[in-house]
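Down below is the structure, laid out as structure tokens.
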Amino acid sequence: MPAAPICCRAAQSPQSAVMSDRIPVLLPYPFEGPFDYAVPLGAVAPPPGTLVQVPLGRREVLGIVWSRGQDSGPWPAELTTAGARPVSHNRLRPISAVIDAPPMPDDLRRFVDWLAAYTLTPPGLVMAMAMRTNAITPPPPLAGWALAEPWPETTRLTAQRARVREALAAGPLTTRGLAEAAGVGDGVIRGMGQAGLLRAVDLSTPAFTAPDPDHPGPVLSSEQRAAADELRAVRGFGVTLLEGVTGSGKTEVYFEAIAEALRQGRQALVLLPEIALSAQWLERFRQRFGVAPTVWHSDLGSRRRRIAWRAVADGSARVVVGARSALFLPFGELGLIVVDEEHETAFKQEEGVTYHARDMAVVRARLADIPIVLASATPSLETRANVEAGRYRHLRLARRHGGATLPEVAAIDMRAHPPERGAFLSPVLVDAVREHLGRGEQALLFLNRRGYAPLTLCRTCGHRIECPNCTAWLVEHRARARLACHHCGYSAPIPELCPSCGAAHSLTPIGPGVERITDEAAALFPQARRLVMASDTLVGPDAAARAAGAIAAREVDLVIGTQIVAKGWHFPHLTLVGVVDADLGLSGGDLRAAERTVQLLHQVAGRAGRAEAPGRVLLQSWMPEHPATVALVAGDLDGFMAREAAQRRPGHWPPYGRLAALIVSADAATDADAAARRLGQTAPKGDGIEVLGPAPAPLALLRGRHRRRLLLRTRRDIAVQPILRAWLAEAAIRGAARVDIDVDPVSFL
Ligand code: ADP
Ligand code: ZN
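Offset between the sequence shown (1-based) and the working numbering: plus 347.
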């Protein structure tokens, strides 16, 4: 690591150093705030944002120079942590070194503070997400070879050398890459280098070509043009909901806002819920702007991560498309944020620092004073409520692009048209699939459940096979011949005998997963070319891209998929969508169960009929009178959401009130119970404040830990953070039990 000692002697011998100044340094660890360090006399105090090396105990660690008592902006003071309780040592130790790395921009530091305070996370842990030590250090040099310039044409080459020359014609390669491409040993390459035929080059920092805002893109319809013009006109902070029916061209519209940011000399960030499923999106970006955007997600290899991080910091990356964590990149000139599919729960990070990337993107935009666009065909109730309250602008695209019509949706009443014994597809759906396939069109069977069967039951004793670590049934994965837990990853071979009563040939799979539907479809439509799209069968972005390509290229007749087929794909030849279980997801006590089911099924339905041939959607349901199903059939999302709002308003449920979940967990049930009881006894009281629980979590056992939940609900005008802080301080849970806080919970498991 390139480290420049700011004052060698002082740094080496702290006792003798005379300190001139103290500065707060935030370290990437769960402390309450920054620590103070000394600036050695004569050295210039490094400005806030500087990466520094400091002593911590006996170690040397990296940290970032923070600021004290930062301006909290329009939020209450209790929502900032910087300098709130700076932990100062009696004996101030000096900074050891200033690291040569791009500084953390001011608005990003304020964002870190804000997010930490809002989610009740130690700020150092949030900062760690932005610091990404492995990204901050520059990528190690990557030696490569290029042809000498000018090439000495007169030289006569051996066959091996000729192959090397050929392999390099398209551009430089690493030694290994070149050796493989040319089929030669390293010695041949070195020899050519010594002979002056090749020159050594550094491949570690590829040049980023800036997207061209004036690259000729698609011609917008008048409706699209009007929306794009409005988006382009926004200056400074402002949130716009871009709501458009599926296939209306929302992407093309917000591309114009990106083009505008680029023309203004600013960077742009697009958040997508699942970057692995973005192949088609990337291609459209390339068509509009001439080059690919910079991609950021957690699965990037270390080298690509470093290159991307540096390119964002030095401004050579102009447009970044990424997953949640892209919010923490060190943009110096951010001018626009887009959150596509804003309703997606994938934006909520549940592990580690618990935050909602859509909501935090709005905060980031506010701190940077830039516009933000939330795009969706099925906006969340939260966003709709913000529109209604006049906090967000609202743009609507009412028509599908290119004259395509919205699909016709109907329910199949399974009570009247049941499937055959042991089967899951109603004759009505089977006939429809046959009809569409017969016309040479594509069909999709959707079931949001991986594996073969969600439950294995013993017919003799009634035993249900459960996960030993979780309150969950094991899911049969027949292709792998295993039972697996979808919560902890436990898996075991499918037993021959019932583990409870020992009966043979008695274990029966109950209910379908996509695997089982695929078997049924294979028997019903043997001629159809089938493709399964599920997260465990398509691993990695390439697999999803290939599958999407095969569908678009009509190499597939029948698609069987889980929720990943619902994600914004454009399949022009797909005309029939059959939802195998439209009731799935409607039961269960989750606050947003119905909202989420309607959004998901509406998105799946939106894959049908996106080109000339009209689309048709069939929902298999045992209770088609459920308001969610009725709304889907009527295409009345607005009405459904209005009723949802009416139900949530009186009880102050979000978005008309605030929620925070407290999840107590411990290895021993008694410890979890004791801590939960203690939290219950010390629960806050007051007008507009209510605590529900403690109660066993629906996943009362997860990865072997016992879990209890409490829920704090307040009126919208009462912030939960100060209440939670006081509560946790009073309850003082220590020892075996741990309390995790989830502000604005999405999962209630
Ligand atoms: P949405 O995100 O609203 O569902 P998309 O942005 O995916 O819709 O657009 C649907 C399809 O229509 C995409 O293939 C897109 O490239 C195409 N499209 C949208 N607008 C235009 C346009 N103005 N010109 C050409 N193609 C367009
Ligand atoms: Zn498990």
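Ideal Cβ positions, reconstructed from N, Cα and C, are used throughout, including at glycine.
This one's a predicted model, so the numbers in the text were calculated from it and none came from an experiment.
Residue i, buried or exposed, once every other Cβ within 10 Å from all chains shown has been counted against 16
i        : result
Pro-840  : exposed
Asp-1089 : buried
Arg-806  : exposed
Gln-994  : exposed
Pro-774  : exposed
Val-1086 : buried
Ala-655  : buried
Ser-625  : buried
Leu-674  : buried
His-562  : exposed
Thr-502  : exposed
Ser-727  : buried
Pro-421  : Low confidence applies here, because Pro-421 scores a pLDDT of 35, under 50, leaving its location unreliable; read the following figure in that light. Label assigned to Pro-421: exposed.
Leu-388  : exposed
Arg-1081 : exposed
Ser-435  : At Ser-435, the pLDDT of 45 sits below 50, so the modelled position is not reliable; the number obtained from the coordinates is stated separately. Its Cβ having fewer than 16 others within 10 Å, Ser-435 is exposed.
Trp-461  : buried
Leu-374  : buried
Asp-985  : exposed
Through-space distance from residue j to residue i, alpha-carbon basis
i        : j        : result
Tyr-739  : Phe-771  : 44 Å
Lys-597  : Ser-1094 : 28 Å
Leu-776  : Met-761  : 10 Å
Arg-1050 : Val-886  : 24 Å
Thr-855  : Gly-1040 : 37 Å
Leu-804  : Gly-956  : 40 Å
Pro-846  : Ile-812  : 8 Å
Gly-836  : Ile-684  : 35 Å
Arg-290  : Gly-787  : Only positions 348 to 1096 of the chain appear in the structure, and residue 290 is not among them; the question remains open.
Ser-723  : Thr-701  : 23 Å
Ser-853  : Asp-904  : 36 Å
Arg-652  : Cys-848  : 53 Å
His-644  : Ala-1022 : 37 Å
Phe-694  : Asp-1091 : 12 Å
His-833  : Val-401  : 43 Å
Glu-729  : Ala-745  : 21 Å
Tyr-601  : Gln-634  : 14 Å
Trp-492  : Arg-523  : 10 Å
Leu-1046 : Ala-819  : 7 Å
Gly-915  : Leu-403  : 48 Å
Arg-768  : Arg-939  : 33 Å
Leu-1057 : Ala-1042 : 7 Å
Met-348  : Ala-1030 : With a pLDDT of 41 at Met-348, under the threshold of 50, the modelled position of this residue cannot be trusted, and the question is left open.
Leu-1026 : Leu-1048 : 19 Å
Thr-922  : Ala-913  : 14 Å
Pro-1009 : Gly-935  : In the sequence as presented, Pro is not what sits at residue 1009; that position holds Leu. Leu-1009 and Gly-935: Cα-Cα distance of roughly 20 Å.
Cys-355  : Ile-446  : Low local confidence applies: a pLDDT of 35 at Cys-355 is under 50, so the model's placement there is unreliable, and no value is given.
Arg-996  : Asp-706  : 20 Å
Val-586  : Gly-669  : 19 Å
According to DSSP, residues forming a beta bridge with residue i
i        : result
Arg-546  : Ala-493
Leu-399  : The sequence given here has Val at residue 399, not Leu. Gly-410, Val-445, per the DSSP bridge assignment.
Thr-803  : Pro-856
Gly-594  : According to DSSP, Gly-594 bridges with nothing at all.
Gly-669  : Leu-618, Trp-643
Ala-940  : Per DSSP, none; premise fails for Ala-940.
Asp-930  : Answer by DSSP bridge pairing: none, since Asp-930 is not bridged.
Arg-1012 : Correcting the residue identity first, residue 1012 is Ser in this sequence and not Arg. Partner(s): Arg-1054, Arg-1085.
Thr-521  : Gly-491
Gly-787  : None; Gly-787 has no bridge partner.
Ser-838  : Ala-831
Asp-760  : Ser-968
Thr-922  : Paired residues: none, contrary to the question.
Whole-angstrom C-beta distance between residue j and residue i, which should lie under 8 Å
i        : j        : result
Gly-1083 : Asp-1020 : The question names Gly, but residue 1083 is Ala in the sequence shown. Not confirmed; about 11 Å, so no contact.
Arg-821  : Gly-925  : The sequence shown places Leu at residue 821, rather than the Arg named in the question. Actually they do not touch by this definition, with Cβ atoms about 27 Å apart.
Ile-857  : Ile-907  : The Cβ separation is near 19 Å, so there is no contact.
Ala-704  : Arg-731  : That pair is no contact at about 19 Å.
Ser-1098 : Phe-555  : The structure shown has nothing for residue 1098, since the chain only spans 348 to 1096.
Asp-883  : Arg-797  : 5 Å
Leu-629  : Ala-639  : 6 Å
Inset, instruction - Write down every uninterrupted run of the beta strand (DSSP E) in the region 846-904 whose length is 3 residues or greater and which is fully enclosed by it, in chain order. - result: Note on the region 846-904: whole beta strand (DSSP E) runs with a minimum of 3 residues are 854-857, 877-880, in chain order.
Inset, instruction - Enumerate, from N- to C-terminal direction, the unbroken beta strand (DSSP E) stretches of 3 or more residues contained entirely within the region 662-746. - result: The region 662-746 contains these whole beta strand (DSSP E) runs: 666-669, 681-687, 718-723, 740-744.
Legend entry - Every unbroken alpha helix (DSSP H) within the region 951-1007, with a cutoff of 4 residues, ordered by chain: The qualifying runs are 974-981, 984-995.
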